[in-house]
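Undergrad:
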Amino acid sequence: MKRMDVGILGGTGMVGQHFIRFLQGHPWFNLTWLGASDRSAGKKLKDATSWRLDGDIPSLAAEIVVSDSKPSASAPRLVFSAMDASVATEIEREFAQAGHIIVSNSRNHRMELDVPLIVPEVNPGHLALVRAQQQSRGWKGMIVTNPNCSTVVLTMALAPLVPFGIEKVIVATLQSISGAGYPGVASMDILANVVPYIGSEEEKMEQETQKILGTLANGSVKPLAARVSAHCNRVAVIDGHVITTSIELSKKPSIADVQAAIENFQGVPQQRKLPSAPSKPLTYLPQSDRPQPRRDAMRENGMGVTVGRVRECPVLDVKLVACGHNTIRGAAGAAVLNAELMASEGLFD
Ligand SMILES: NC(=O)c1ccc[n+]([C@@H]2O[C@H](COP(=O)([O-])OP(=O)(O)OC[C@H]3O[C@@H](n4cnc5c(N)ncnc54)[C@H](OP(=O)(O)O)[C@@H]3O)[C@@H](O)[C@H]2O)c1
C-alpha cells in the first residue's frame with residue numbers, strides 16, 4: 003500500500019511534536035506538511051520550535067518548511083490537528099469545508115452533534131456521523147475528534163462494563179503535568195503539591211464520556227443515561243494519567259465477572275490489526291499497588307490502558323484504578339488510531 007501524505011495543524015506545538023514523533027516510520031501515513039501560526043510560517047520546523055521531547059528532532063520533519071494555517075493545494079487531504087483551542091474552531095472548519103479530512107485532538111468540535119468523538123475500541127460505529135456532517139454542512143471534507151486525555155482512560159476502562167448496565171460513575175483523576183502542554187503549570191505550584199482544579203476538565207470528562215458511551219440511532223448519538231461525576235486533579239507526575247472510579251451497575255455482576263470482562267476486552271482495532279492498535283487495549287494487573295504511571299503508562303508503546311484494584315465498592319457497586327499515557331493514548335496516538343480506523347472503513351478512498 004502506498005503511504006498517504008498527511009499534515010499536522012499546530013505542528014510546532016507540544017501535541018504537534020508528539021504527532022511528529024508518533025508518525026515517524028508509520029506504515030500508512032507519510033508526514034509532509036506542517037501548519038502553525040504566522041510566527042512560524044516560512045521557517046523550517048527546526049528553526050520554528052524548540053524540540054521538547056526526549057531525543058533529537060526527527061530529521062525528516064526538521065526540514066519541513068512550516069506553512070500558515072490556511073487551506074491550500076500544498077496541504078494534504080488528511081490533516082491531524084493539534085491547534086491551540088483559541089483558534090481551532092474556525093481553522094479546522096475552513097479546512098473541512100475546503101475538502102480536507104481533519105482528525106482533531108482539540109476540544110473545539112467534540113460535542114457538536116454531527117461530529118464523531120471516537121475511541122476506536124469503544125465506539126467505532128459513531129464514525130457513521132460523518133455522512134450526516136458532510137450532508138448537512140455541504141462539505142467534501144470532515145472533522146473527526148478524539149476525547150480529552152483523561153476521558154480516553156475512563157471510557158476505555160468503562161467499555162467492558164457497558165453490558166452490565168452503567169448507571170452511575172464517580173471518578174477522580176490524578177493528571178500529569180504534560181497534559182497541560184509546555185510550560186504548563188509553574189514548578190512553584192506543582193512540585194511537592196496537588197492542584198485540585200483543571201479548567202473545564204470535569205465538565206469535559208462528564209459530557210464526553212456520556213457521548214462516547216452513547217448509542218447511535220437514526221443518525222445521531224443518544225448519550226449514555228448514566229450520571230457521571232468527575233473530580234480532576236493535577237499531580238507532580240510527568241506523563242501518565244491515573245483515574246480512580248466507582249461505578250453503579252444495574253446487573254450487579256460479581257467482581258470476578260468484571261475482572262474477566264476487562265481482561266478479555268478487545269475492539270475493532272485489534273480485530274483489524276490496525277498499525278497503532280495495542281494488542282491488548284486493557285491489561286489487568288492483580289498486584290494491589292498497580293497501576294502506577296511511571297511503570298505502566300508506556301504499556302503497549304503508550305497505547306494500552308492498565309487497570310487494577312477491581313473490588314467491591316460499599317457505596318456504588320465496583321471500584322477500580324486505571325492508568326494511560328496522556329500524550330500518546332490521550333492525544334497524538336488517539337488521533338492516529340482514529341485515522342487508521344477511518345482508513346480501514348474506506349473513508350479515504
Ligand atoms: N498538551 C496535552 O497533553 C493535550 C492533551 C490533549 C489535548 N490537547 C489540546 O491540543 C491542542 C494543542 O495543545 P498544545 O499543548 O500542543 O499547545 P501549544 O504547545 O501551545 O501549541 C499550539 C499550536 O497552535 C499553533 N497556533 C497558535 N496560535 C495560532 C494561530 N493564530 N494560527 C495558527 N496556529 C496557531 C501554534 O503555532 P506557533 O508555534 O506558530 O505559535 C502551535 O503549533 C490544544 O487544543 C489542547 O487543548 C493538549
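Reading the sequence shown from the start, the letters are residues 3 to 351 in the numbering used here. The C-beta atom is built at its ideal place from N, Cα and C for all residues, glycine as well. Computed from a prediction, not measured in an experiment: that's the story for all the values here.
Less than 8 Å separating the beta-carbons of G304 and P283?
TA: Taking the first residue of the sequence shown as position 1, residue 304 is located at position 302. Taking the first residue of the sequence shown as position 1, residue 283 is located at position 281. It is not a contact, given that the beta carbons lie outside the stated cut-off.
Undergrad: In terms of residues, what are the limits of the beta strand (DSSP E) holding H233?
TA: Looking up residue 233 in the sequence shown gives position 231. Residues R229 to V237.
Undergrad: At a threshold of 7 Å, does Y199 count as lining ligand 1 (C-beta to nearest heavy atom)?
TA: Walking along the sequence shown from the start, residue 199 turns up at place 197. Because no heavy atom of ligand 1 lies under 7 Å away, the Cβ of Y199 does not count as near it: no.
Undergrad: Between V309 and V320, is the Cβ-Cβ spacing less than 8 Å?
TA: Locating residue 309 in the sequence shown gives position 307, where the first residue counts as 1. Locating residue 320 in the sequence shown gives position 318, where the first residue counts as 1. Cβ atoms of V309 and V320: not closer than 8 Å.
Undergrad: State the Cα-Cα distance for the pair D241 and G44, rounded to the nearest angstrom.
TA: Against the sequence shown, residue 241 aligns to sequence position 239. Against the sequence shown, residue 44 aligns to sequence position 42. Cα-Cα distance, rounded: 32 Å.
Undergrad: Counting only the same chain and skipping the five closest in sequence on each side, list residues whose C-beta sits under 6 Å from that of G186.
TA: As a position in the sequence shown, residue 186 is number 184, starting the count at 1. Once the five neighbours on either side are set aside, the close Cβ partners of G186 are I179.
Undergrad: Report the rounded CA-to-CA distance for R297 versus V155, giving the unit in angstroms.
TA: By 1-based counting over the sequence shown, the position of residue 297 is 295. By 1-based counting over the sequence shown, the position of residue 155 is 153. Their Cα atoms are separated by approximately 16 Å.
Undergrad: Does DSSP put T91 in a helix, in a strand, or in coil?
TA: On the sequence shown, position 89 is the one that residue 91 refers to. Note: T91 maps to helix in three-state DSSP.
Undergrad: Per DSSP, what kind of secondary structure is D191 in: helix, strand or coil?
TA: On the sequence shown, position 189 is the one that residue 191 refers to. The answer is helix: DSSP assigns D191 an H, G or I state.
Undergrad: Should D86 be counted as a contact of ligand 1 given a C-beta to heavy atom distance under 7 Å?
TA: The count along the sequence shown starts at 1 and reaches residue 86 at position 84. Yes, the beta carbon of D86 sits closer than 7 Å to at least one heavy atom of ligand 1.
Undergrad: Between the Cα of K224 and the Cα atoms of P118, T175 and S83, which residue gives the shortest distance?
TA: As a first step, residue 224 must be located in the sequence shown, where it is residue number 222. The residue with the shortest Cα to Cα distance from K224 is P118.
Undergrad: So what's K48 in DSSP terms, helix, strand or just coil?
TA: Position 46 of the sequence shown, counted from the first residue, corresponds to residue 48. Three-state result, K48: helix.
Undergrad: Could you please give the first and the last residue of the uninterrupted alpha helix (DSSP H) stretch that includes M6?
TA: Taking the first residue of the sequence shown as position 1, residue 6 is located at position 4. It is not in any alpha helix (DSSP H) - M6 instead sits in the beta strand (DSSP E) that spans M6 to L11.
Undergrad: Taking the continuous beta strand (DSSP E) assigned at N32, which residues delimit it?
TA: Taking the first residue of the sequence shown as position 1, residue 32 is located at position 30. Here the beta strand (DSSP E) through N32 covers F31 to A38.
Undergrad: Can you tell me where the beta strand (DSSP E) holding M144 begins and where it ends?
TA: Mapped onto the sequence shown, residue 144 falls at position 142. Run containing M144: M144 to T147, per the beta strand (DSSP E) assignment.
Undergrad: For ligand 1, is there any heavy atom lying closer than 7 Å to the beta carbon of R41?
TA: Position 39 of the sequence shown, counted from the first residue, corresponds to residue 41. Answer for R41: yes, Cβ within range of ligand 1.
Undergrad: My assumption, with CB atoms under 8 Å, is that S248 sits in contact with L318. Please give the rounded CB distance.
TA: For the purposes of this step, residue 248 is taken as the residue at position 246 of the sequence shown. For the purposes of this step, residue 318 is taken as the residue at position 316 of the sequence shown. Right, the Cβ-Cβ distance comes to about 4 Å (below 8 Å), so this counts as a contact.
Undergrad: Would E92 be called buried (16 or more neighbouring beta carbons within 10 Å of its own) or exposed?
TA: Along the sequence shown, one-based indexing puts residue 92 at 90. Under this definition E92 is an exposed residue.
Undergrad: Looking at the structure shown, is L215 part of a helix, part of a strand, or coil, going by DSSP?
TA: Taking the first residue of the sequence shown as position 1, residue 215 is located at position 213. L215 falls in the coil class under three-state DSSP.
Undergrad: By a C-beta neighbour count over all protein chains shown, 10 Å radius and 16 as the cutoff for buried, is E205 buried or exposed?
TA: Numbered from its first residue, the sequence shown carries residue 205 at position 203. The residue in question, E205, is exposed, as its Cβ has fewer than 16 Cβ neighbours within 10 Å.
Undergrad: If you run the structure through DSSP and keep just helix, strand and coil, what is T157?
TA: As a first step, residue 157 must be located in the sequence shown, where it is residue number 155. Three-state result, T157: helix.
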